[in-house]
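In what follows, a structure is listed as structure tokens, so that the remarks can point back to it.
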Amino acid sequence: MGYLVKLQKVERPTNRSFYVNLPAAIADAVQLDKGEELEWFIEDKNTLILRRRKPAKPLKLKH
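For any residue, its number in this note's numbering is found by taking its place in the sequence shown, counting from 1, and adding 441.
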């Protein structure tokens, strides 16, 4: 299952920015913390990868 998000564009006199909101359910699922650094990678024109700058420890799965 995926989460649909919309790209937001903000234009200011000195610059323009695009914003993507990360749903809280996704942030919670991978245990992201406030202020954590993430980095975007472009795989191709249809695929963007968002990766932690500092890898997290593997999640423990419930059996």
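Even for Gly, the Cβ is constructed at its ideal location relative to N, Cα and C.
Just so you know, these numbers come straight off a predicted model, no measurement behind them.
Membership of Asp469 in the alpha helix (DSSP H) is indicated by the continuous run 465–470. Taken through DSSP and simplified to helix, strand or coil, Val451 comes out as strand. The beta carbon of Glu480 lies closer than 6 Å to those of Arg492, Arg494 in the same chain, with the five residues before and after it left out. Taking C-beta atoms under 8 Å as the contact rule, Leu448 and Phe459 qualify, at a distance of about 6 Å.
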